[in-house]
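Chemist:
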Amino acid sequence: MRILVTGGAGFIGANFVRLTLAERADAVVTVLDALTYAANRDSLPEDARLTLVVGDVADADTVDPLVADADVVVHFAAESHNDNSLDDPMPFVHTNVVGTFTLLEACRRHGTRLHHISTDEVYGDLELDDTAKFTADTPYRPSSPYSATKASSDMLVRAWARSFGVEATLSNCSNNYGPYQHVEKFIPRQITQVIDGARPRLYGAGLNVRDWIHVDDHNRAVWTILERGVAGRTYLIGADGEVDNRTVVETLLEIMGQPAGAYDHVPDRPGHDMRYAIDASALREELGWEPRYRDFRAGLEATVQWYQEHESWWRPLKAAAEQRYARSGR
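So the mapping is simple: the working numbering equals the position in the sequence shown, first residue as 1, plus 71.
Rendered as structure tokens:
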């Protein structure tokens, strides 16, 4: 199977590539990645079945021959950091909207199967005291430029599937954690702060709830959809991992041998969603997927250990990430 992975040098994409090469002997993988600050060539393994093409997913001349040569495209490429989307939305429009359009047009020309990776953030948020969860039928209500552009990309995929017959599936996943995640993101930022002897910083009261899933569980779900999913369907991926941000920080501090209260509160960011929760029943009941990382604390312990043992990977990224936060006061 010839697989084109867009954004394959980013966090989730690189883990998908590693999982695919490790578990599927028949897979030949091409990664298309612009290698922006959030991507890292060192996240990819050395493997004769892997080819890296450095290029922009919104560049039709680059995208078209890669799609023509692929059996399936797995579309991870996206600008994804909410804070950055508040500072400058334009890269999010370019990559998330124009890039997805460019890819869809190539898949339309060549009849190539597409799986589109999206986020639960397109649905907005839920009340903290609510028991409801997002489903594939939940109306879209994005809160930030990031989630708005991902919502736009989802709509494009659905329209191209219906209007032009592009063979596409979609998945909206909850918050991922695990190895190779950029240090600007919530969990690795807190881990690397503690490693550096600094105090973690928590937005507002830290009561915002996220539905955490290990990146390997996400990527195995993607493979389940590729193998058994129905074209045109949207599948929600989640592992019943609802935890508030304050608990995540306090758990990380305990794992790393620090007092649970050794963190600082900072002003909340604009439009900060309160709660996400995924109903993944269709994925589980119809396609038979189940998460392997059911113990969130154990998953955090493994993630802490990875960052402790791979300082050479994240150290070059840390100073620039903290400078961006310092400029915004976050």
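For each residue, glycine too, the CB sits at the ideal point set by N, CA and C.
With 16 other CB atoms within 10 Å as the buried threshold, where does A230 fall?
Modeler: exposed
Chemist: Can you check which of these residues, T374, S242, V193 and T107, is closest to G303 by C-alpha distance?
Modeler: Of the candidates T374, S242, V193 and T107, S242 places its Cα closest to the Cα of G303.
Chemist: Looking at V320 and L273, is the spacing between their C-beta atoms short of 8 Å?
Modeler: yes
Chemist: Assuming L123 and D104 form a contact by the criterion Cβ under 8 Å, report the distance between their Cβ atoms to the nearest whole angstrom.
Modeler: Contact between L123 and D104 holds: their C-beta atoms lie close to 7 Å from each other, under 8 Å.
Chemist: Could you check if P338 is buried or exposed, using at least 16 other CB atoms within 10 Å of its CB as the buried criterion?
Modeler: exposed
Chemist: Mark H187 as exposed unless 16 or more other C-beta atoms lie within 10 angstroms of its C-beta, in which case mark it buried.
Modeler: buried
Chemist: Roughly how many whole angstroms lie between the Cα atoms of P362 and V293?
Modeler: 12 Å
Chemist: Out of G195, S218, K256 and A149, state which residue places its alpha-carbon closest to the alpha-carbon of R212.
Modeler: G195
Chemist: Would you tell me roughly how many angstroms separate the C-alpha atoms of G78 and L197, rounded to the nearest one?
Modeler: 29 Å
Chemist: Hey, out of P160, Y251 and L75, whose CA is closest to L121's CA?
Modeler: L75
Chemist: What are the residues that DSSP puts in a beta bridge with A239?
Modeler: L185
Chemist: Starting from the Cα of G342, find the closest Cα among G309, S215, K256 and Y378 and give me that residue.
Modeler: Checking every option, the nearest Cα to that of G342 belongs to S215.
Chemist: When we look at the beta-carbon of T202 and count the other beta-carbons within 10 Å, is it buried (16 or more) or exposed?
Modeler: exposed
Chemist: Please check the pair Y347 and R260, which I expect to be a contact at CB under 8 Å, by giving their CB distance rounded to whole angstroms.
Modeler: 19 Å between Cβ atoms; not a contact.
Chemist: Kindly indicate which residue of V228, L388, T295 and V125 has the alpha-carbon position closest to the one of F87.
Modeler: T295
Chemist: Could you check where the alpha helix (DSSP H) with D311 kicks off and where it finishes?
Modeler: For D311, there is no enclosing alpha helix (DSSP H), as DSSP gives it neither H nor E.
Chemist: Give the DSSP-derived three-state secondary structure of R95 in the structure shown.
Modeler: Coil.
Chemist: Please state the DSSP three-state secondary structure of H165.
Modeler: helix
Chemist: Mapping the DSSP letters down to three states, classify L75 as helix, strand or coil.
Modeler: Under the three-state reduction of DSSP output, L75 falls in the strand class.
Chemist: Which of the three DSSP states, helix, strand or coil, is assigned to F205?
Modeler: The answer is strand: DSSP assigns F205 an E or B state.
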